[in-house]
Amino acid sequence: MYRITISLQVKFDQFGNFRFIVHNQNIGCRPIHVGFPQTMALSSCSQASSHYNESVDVESMRRYNDVRKQKTRGSGTEREGVTAMRLQSGWKAKWGGLLLAVVLILLLVDSCSVRVDRQAPKAEDGVLDLSTWDWSRDGAVSLAGTWDFEWLGSNGGGGKNAKTSLEVPGMWRDRRAGDGSRIPDVGYGEYHLKILHPDSPDLLAIRVPNISTAYQMYINGKLVLSRGHVGPDSTHTTPYQLPGTAYVTDPGPTTDIRLVVANYHHRLGGIRTDLIMGSAEQIDRLQSRNAAQEFIVFGCLLMIGLYHIGLFALRRSESANLFFAMLCLLVALRMGVIGEGFLVRWFDILDWQTSVRLEYAAFVLSGWAGLAYYHKMYPDELRGRWVAVSGAFAAVLAVSAALLQTIVFTSWLAVYQVYLLTNCIIILAGLVLSGYRKREGAKLALVGVAGMVAAIVNDMLFYNGWWRSVDLVPFGLLFLIIMNSFIIAMRSSRTFERAEQMSAELKEWNDRLEERIAERTEELSKSYETLEETKTGLERMEQSRRQLVSNISHDLRTPITLLQGYLEALRDGVISDDAQRDSTIRLMLGKVEGLNGLIHDLFELSVLEARRVELSCISVTLEEWKERLNELYELDMKEKGMIFSCALDAEEDACAKVLIDAQRMDRVFANLLFNAVRYTPQGGLIRIVLRRLPDLGMAEISVEDSGSGIDPDDLPFIFDRFYKKDKSRHSSSGGSGLGLAISREIVELHGGTIGAFNRPEGGGAFRIRLPMWESRGAKIPS
Numbered sequence: 001m002y003r004i005t006i007s008l009q010v011k012f013d014q015f016g017n018f019r020f021i022v023h024n025q026n027i028g029c030r031p032i033h034v035g036f037p038q039t040m041a042l043s044s045c046s047q048a049s050s051h052y053n054e055s056v057d058v059e060s061m062r063r064y065n066d067v068r069k070q071k072t073r074g075s076g077t078e079r080e081g082v083t084a085m086r087l088q089s090g091w092k093a094k095w096g097g098l099l100l101a102v103v104l105i106l107l108l109v110d111s112c113s114v115r116v117d118r119q120a121p122k123a124e125d126g127v128l129d130l131s132t133w134d135w136s137r138d139g140a141v142s143l144a145g146t147w148d149f150e151w152l153g154s155n156g157g158g159g160k161n162a163k164t165s166l167e168v169p170g171m172w173r174d175r176r177a178g179d180g181s182r183i184p185d186v187g188y189g190e191y192h193l194k195i196l197h198p199d200s201p202d203l204l205a206i207r208v209p210n211i212s213t214a215y216q217m218y219i220n221g222k223l224v225l226s227r228g229h230v231g232p233d234s235t236h237t238t239p240y241q242l243p244g245t246a247y248v249t250d251p252g253p254t255t256d257i258r259l260v261v262a263n264y265h266h267r268l269g270g271i272r273t274d275l276i277m278g279s280a281e282q283i284d285r286l287q288s289r290n291a292a293q294e295f296i297v298f299g300c301l302l303m304i305g306l307y308h309i310g311l312f313a314l315r316r317s318e319s320a321n322l323f324f325a326m327l328c329l330l331v332a333l334r335m336g337v338i339g340e341g342f343l344v345r346w347f348d349i350l351d352w353q354t355s356v357r358l359e360y361a362a363f364v365l366s367g368w369a370g371l372a373y374y375h376k377m378y379p380d381e382l383r384g385r386w387v388a389v390s391g392a393f394a395a396v397l398a399v400s401a402a403l404l405q406t407i408v409f410t411s412w413l414a415v416y417q418v419y420l421l422t423n424c425i426i427i428l429a430g431l432v433l434s435g436y437r438k439r440e441g442a443k444l445a446l447v448g449v450a451g452m453v454a455a456i457v458n459d460m461l462f463y464n465g466w467w468r469s470v471d472l473v474p475f476g477l478l479f480l481i482i483m484n485s486f487i488i489a490m491r492s493s494r495t496f497e498r499a500e501q502m503s504a505e506l507k508e509w510n511d512r513l514e515e516r517i518a519e520r521t522e523e524l525s526k527s528y529e530t531l532e533e534t535k536t537g538l539e540r541m542e543q544s545r546r547q548l549v550s551n552i553s554h555d556l557r558t559p560i561t562l563l564q565g566y567l568e569a570l571r572d573g574v575i576s577d578d579a580q581r582d583s584t585i586r587l588m589l590g591k592v593e594g595l596n597g598l599i600h601d602l603f604e605l606s607v608l609e610a611r612r613v614e615l616s617c618i619s620v621t622l623e624e625w626k627e628r629l630n631e632l633y634e635l636d637m638k639e640k641g642m643i644f645s646c647a648l649d650a651e652e653d654a655c656a657k658v659l660i661d662a663q664r665m666d667r668v669f670a671n672l673l674f675n676a677v678r679y680t681p682q683g684g685l686i687r688i689v690l691r692r693l694p695d696l697g698m699a700e701i702s703v704e705d706s707g708s709g710i711d712p713d714d715l716p717f718i719f720d721r722f723y724k725k726d727k728s729r730h731s732s733s734g735g736s737g738l739g740l741a742i743s744r745e746i747v748e749l750h751g752g753t754i755g756a757f758n759r760p761e762g763g764g765a766f767r768i769r770l771p772m773w774e775s776r777g778a779k780i781p782s
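Quick note on numbering: the UniProt record's numbering labels position 763 of the sequence shown as 763, and the sequence is numbered without any gaps.
(1) Please name the residue in Val-432, Leu-242 and Ala-388 whose C-alpha comes closest to that of Asp-351.
(2) Taking the alpha carbon of Gly-170 as the reference point, which residue from Ser-154, Thr-146 and Leu-740 has its own alpha carbon closest?
(3) Buried or exposed: which applies to Trp-509, given that a residue is buried once 16 or more other Cβ atoms fall within 10 Å of its Cβ?
(4) Whole beta strand (DSSP E) runs in the stretch 270–306 with 3 or more residues, listed along the chain?
(5) Would you call the CB atoms of Leu-333 and Leu-322 closer than 9 Å?
(6) For Ile-276, which of Val-607, Lys-122, Met-452 and Pro-559 has the nearest alpha-carbon?
(7) Rounded to whole angstroms, what's the CA-CA distance from Ala-372 to Ala-320? Just pull it up for me.
(8) My assumption, with CB atoms under 8 Å, is that Leu-420 sits in contact with Gly-367. Please give the rounded CB distance.
(9) Determine, using beta carbons only, whether Asp-380 and Arg-437 come nearer to each other than 9 Å.
(10) Use the C-beta contact count for Asn-484: other C-beta atoms within 10 angstroms, 16 or more gives buried, fewer gives exposed.
(11) How is the alpha helix (DSSP H) around Asn-263 delimited, first residue to last?
(12) Looking at the structure shown, is Gly-310 part of a helix, part of a strand, or coil, going by DSSP?
(13) Using 8 Å as the cut-off, can you tell me whether the stretch 446–462 makes contact with the stretch 478–492, which would need three or more C-beta pairs spanning the two stretches below that distance?
(14) Thinking Gly-305 and Leu-329 are a contact (beta carbons under 8 Å), I'd like their distance in whole angstroms, please.
(15) Whole angstroms is fine: what's the gap from Ala-262's alpha carbon to Val-230's?
(16) Rounded to a whole number of angstroms, what is the C-alpha to C-alpha distance between Ile-195 and Ala-214?
(17) If you drop the 5 nearest sequence neighbours on each side, which residues of the same chain put their C-beta closer than 7 Å to that of Gly-441?
(18) Taking the beta strand (DSSP E) that Gly-755 falls in, what are its first and last residues?
(19) Hey, could you find the ends of the beta strand (DSSP E) Ser-390 is sitting in?
(20) Within a Cβ cutoff of 6 Å, which residues of the same chain sit near Ser-200, ignoring the five residues on either side of it in sequence?
(21) Provide the residue span of the beta strand (DSSP E) that contains His-375, from first to last.
(22) If you draw a straight line from the C-alpha of Leu-327 to the C-alpha of Leu-358, how long is it?
(23) Tell me the DSSP secondary structure of His-750 in three-state form.
(24) How should Glu-745 be labelled, buried or exposed, when 16 other C-beta atoms within 10 angstroms of its C-beta is the threshold for buried?
(25) If we count the other Cβ atoms within 10 Å of its Cβ and call it buried at 16 or more, is Gly-228 buried or exposed?
(26) Take the Cβ of Ala-765 as the centre, count every other Cβ of all protein chains shown within 10 Å, and call the residue buried at 16 or more, exposed below.
(27) Here's the rule I'm using: 16 or more other beta-carbon atoms within 10 Å means buried, otherwise exposed. How should Asn-671 be labelled?
(28) Apart from the five residues on each side of it in sequence, which residues of its chain come closer than 8 Å, Cβ to Cβ, to Asp-125?
(29) Measuring only the C-alpha atoms, how far is Phe-496 from Leu-314?
(30) DSSP three-state call for Lys-507: helix, strand or coil?
(31) Output the distance between the C-alpha atoms of Ala-120 and Asn-290, rounded to the nearest integer angstrom.
(32) Tell whether a beta-carbon distance below 9 Å holds between Leu-622 and Cys-655.
(33) Quick one: give me the first and last residue of the beta strand (DSSP E) that Tyr-215 is part of.
(34) For His-192, write down the residues that DSSP places opposite it in a beta bridge.
(35) At what residues does the beta strand (DSSP E) containing residue 785 begin and finish?
(36) Measure the alpha-carbon distance for Ala-662 versus His-600 and round it to whole angstroms.
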């Protein structure tokens, strides 16, 4: 394991140009100088330009431009001047400088990573001499080199002289056994390596990568690690691939490794990547770093994919978000079943064959998702027919991976790779054309796709055994996402600038309209008040009319039916006796009088509810009102066998005044008193109490009886028109069910309230509250 330390310095010269200076401190590489012109320095390195006395702050330029906005002659629209043009060019240079810096650093790290000052030994003829290797100083070491190898045969048959040597890492294809026969991809064999190393006080370990497709590792004759089950044929072999760590438990200067590998289910057999040996701490750290790195990238892809699914759910018309989410999630899925294989570790249902099927399906579907995404971004350059054809091929290849045997569809890897490369070429061609036509963000998209294509080509060479590397597609996709974020930032910035320009244009129109709107608003406000008053009156009239019609049909039907029955009986001679006929005629007259009273009550109630009544109000003291009530109702109450009283609650209440229409308030008390008579037995008490409530500024008049009281269920509805229940206490005048409703309307016309309740000692009570009037008025007429 090689440690590379790189330092990056940014310096400015006297002309305002700046340079990147890269040092490899461990290796002693010569410093690499890369210069950029002043315009790029001002935009890309505004944060690092504290060493330069004349540095420019982009945000200060923006505020400066806001101050220097001028109006163009002939119009009131605000336009930005030369400084705005400089700001726009500065933003372009900023993105370009940042992009070049990122690419430069990545290239320098990659180029310096192969320059080392200590060459690790390689295995030769099955022996690796590490006798001078210091684990603590030199770190872990690759076990690459020539291993002894014995071909054990394919499907149970071995060779006569099958022993030879093989390069590790390396695949079996095109290698020959000791007898000269070609080693096929399907079969099994045994690797052997003898390692000479100094005694170590620390526990040693070996990091074993994914090996196609099952293996058993023996160290000093002991089985220490296995994946799947190794057998002489496909029936007795169970494939399984996951990286592992084998620990060397026997101390000593020699470690003997036997590695039996079987492959009957994949297109390539052998060892694709290096085995690494070092102290247990070093190997565990290496494994943790690899797992953390893959998990971080996996998490990033998963979150970005879910984020874009959320964007698509909120705005279905932006289908580009859906395709980009599919691209991220498919690459994340493929990453989760290869490499460290943490999805396989988490879910027991994912065996090796299922994982390979998911890997290949995600491989082709991600290519189609990428093409569909860029088609949505640049539809004029990337035609929809390419997406349709690519989708059909992707569906065929994905179904093949789902249905065929793994040994079959993995042998078609070239077809999968040609399909993906074709999609990449189409995307690159479309983005080149988009950049030529100066489409927004096309150049950044081209850089991102180029990085992604480079990662794809790397993986193709790696998985075909032609290139020693690692899986870079997830990192290439992260680079693509970074470029895509730059595009989104640019579009947002330009959208904001266009919005500012439109706001400036609209501001003048708003200024002109403000005065006219203020004038019209004042006129409309006055009209609105008038209309509101008219509307309120019409609503009351309409409501009163509807209620009148419905109530008339309800309360007139029964007496009319009775009258019709009596008249038919008289016509048909059913009633022939003179006395019976006179009685019937009296009944009919009573019904007619009841109908007249009902019609009168309905008309009066409708007028009251429509507020079309003019009250003839006078002020009267509570003492005067008490005398009038005694005069009007005392004799009637005594004739009906009731104990009646009307009194003030306290002597000081006598001078309190109220403003009333005397005749209409007489109607209210007539309804309340005769209602009390109806539900109070002979000899019962009915009384009226008048009092003032100074804290509320009200006068209260209560009508109380010692009768049967009011059903609590009826209390909320007792003042509704036509509400007639057994104990609802509506007026007894004809039983119309309108007396209390009329009383409520009269009281509310006076600005007061009326309510009903049951007395704790028994009986019911009605309470009227009216506002007090302080000035003197005429006496109430007798």
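We put the beta carbon where it would ideally sit given N, CA and C, even for glycine. These numbers come from a predicted model, not from an experiment.
By the coordinates alone:
(1) Within the sequence shown, residue 351 is the residue found at index 351, counting from 1. Checking every option, the nearest Cα to that of Asp-351 belongs to Leu-242.
(2) As a working note, residue 170 is residue 170 in the sequence shown. Checking every option, the nearest Cα to that of Gly-170 belongs to Thr-146.
(3) The residue labelled residue 509 in the question sits at position 509 within the sequence shown. With fewer than 16 Cβ atoms within 10 Å of its Cβ, Trp-509 is classed as exposed.
(4) 276–279
(5) If you number the sequence shown from 1, residue 333 lands on position 333. If you number the sequence shown from 1, residue 322 lands on position 322. Cβ distance not < 9 Å, so Leu-333 and Leu-322 don't count as in contact.
(6) On the sequence shown, residue 276 is found 276 positions in, with the first residue counted as 1. Considering only alpha carbons, the answer is Lys-122.
(7) Start at 1 with the first residue of the sequence shown, and residue 372 comes out as number 372. Start at 1 with the first residue of the sequence shown, and residue 320 comes out as number 320. Each residue's alpha carbon lies about 8 Å from the other.
(8) The residue you call residue 420 lines up with position 420 of the sequence shown. The residue you call residue 367 lines up with position 367 of the sequence shown. Their Cβ separation, rounded to whole angstroms, is 4 Å, which keeps Leu-420 and Gly-367 in contact under 8 Å.
(9) For this step, residue 380 is matched to residue 380 along the sequence shown. For this step, residue 437 is matched to residue 437 along the sequence shown. Contact: yes.
(10) In the sequence shown, counting from the first residue as 1, residue 484 sits at position 484. Answer is buried; the Cβ neighbour count reaches 16.
(11) If you number the sequence shown from 1, residue 263 lands on position 263. Asn-263 -> not in any alpha helix (DSSP H); beta strand (DSSP E) instead, spanning 254–263.
(12) One-based indexing of the sequence shown puts residue 310 at position 310. In this structure, Gly-310 counts as helix in the three-state DSSP scheme.
(13) yes
(14) Numbered from its first residue, the sequence shown carries residue 305 at position 305. Numbered from its first residue, the sequence shown carries residue 329 at position 329. Right, their Cβ atoms sit about 4 Å apart.
(15) Mapped onto the sequence shown, residue 262 falls at position 262. Mapped onto the sequence shown, residue 230 falls at position 230. Ala-262 and Val-230: Cα-Cα distance of roughly 6 Å.
(16) For the purposes of this step, residue 195 is identified with residue 195 of the sequence shown, where counting begins at 1. For the purposes of this step, residue 214 is identified with residue 214 of the sequence shown, where counting begins at 1. One C-alpha to the other measures close to 23 Å.
(17) Counting from one through the sequence shown, the residue named residue 441 turns up at place 441. Cβ within range, chain order: Ile-487, Met-490 and Arg-491.
(18) The count along the sequence shown starts at 1 and reaches residue 755 at position 755. 753–758 is the span of the beta strand (DSSP E), which, as asked, contains Gly-755.
(19) Within the sequence shown, the letter at position 390 stands for residue 390. Premise fails: Ser-390 lies in the alpha helix (DSSP H), 384–403, not in any beta strand (DSSP E).
(20) Along the sequence shown, one-based indexing puts residue 200 at 200. Once the five neighbours on either side are set aside, the close Cβ partners of Ser-200 are Trp-135.
(21) Here residue 375 is taken as the residue at index 375 of the sequence shown, counted from 1. It is not in any beta strand (DSSP E) - His-375 instead sits in the alpha helix (DSSP H) that spans 352–377.
(22) Here residue 327 refers to the residue found at position 327 of the sequence shown. Here residue 358 refers to the residue found at position 358 of the sequence shown. Put simply, the backbone Cα of Leu-327 is about 14 Å away from that of Leu-358.
(23) On the sequence shown, position 750 is the one that residue 750 refers to. In the structure shown, His-750 falls within a coil segment according to DSSP collapsed to helix, strand and coil.
(24) Working through the sequence shown from its first residue, we reach residue 745 at position 745. It is buried - the Cβ of Glu-745 has at least 16 other Cβ atoms within 10 Å.
(25) Translated into positions along the sequence shown, residue 228 becomes position 228. Answer is buried; the Cβ neighbour count reaches 16.
(26) Reading the sequence shown from its first residue, position 765 is the one you call residue 765. Answer is buried; the Cβ neighbour count reaches 16.
(27) For the purposes of this step, residue 671 is taken as the residue at position 671 of the sequence shown. Result: buried.
(28) One-based indexing of the sequence shown puts residue 125 at position 125. In chain order, Thr-146, Asp-148 and Ser-165 place their CB closer than 8 Å to the CB of Asp-125, counting only its own chain and leaving out the 5 sequence neighbours on each side.
(29) Translated into positions along the sequence shown, residue 496 becomes position 496. Translated into positions along the sequence shown, residue 314 becomes position 314. Looking at the two C-alpha atoms, the distance is approximately 21 Å.
(30) Position 507 of the sequence shown holds residue 507. Reduced to three states, the DSSP call for Lys-507 is helix.
(31) Against the sequence shown, residue 120 aligns to sequence position 120. Against the sequence shown, residue 290 aligns to sequence position 290. Straight-line Cα distance between these residues: approximately 22 Å.
(32) As a working note, residue 622 is residue 622 in the sequence shown. As a working note, residue 655 is residue 655 in the sequence shown. Against a cut-off of 9 Å, the Cβ pair of Cys-655 and Leu-622 comes out as a contact.
(33) Within the sequence shown, the letter at position 215 stands for residue 215. Judged by DSSP secondary structure, Tyr-215 falls within the beta strand (DSSP E) whose first and last residues are 214–219.
(34) Here residue 192 is taken as the residue at index 192 of the sequence shown, counted from 1. Note: His-192 sits in a beta bridge opposite Asp-148 and Arg-258.
(35) The requested residue 785 does not occur in the structure, where the chain is confined to residues 1 to 782.
(36) What you label residue 662 is simply residue 662 of the sequence shown in a count that begins at 1. What you label residue 600 is simply residue 600 of the sequence shown in a count that begins at 1. The alpha-carbon atoms of Ala-662 and His-600 are separated by roughly 20 Å.
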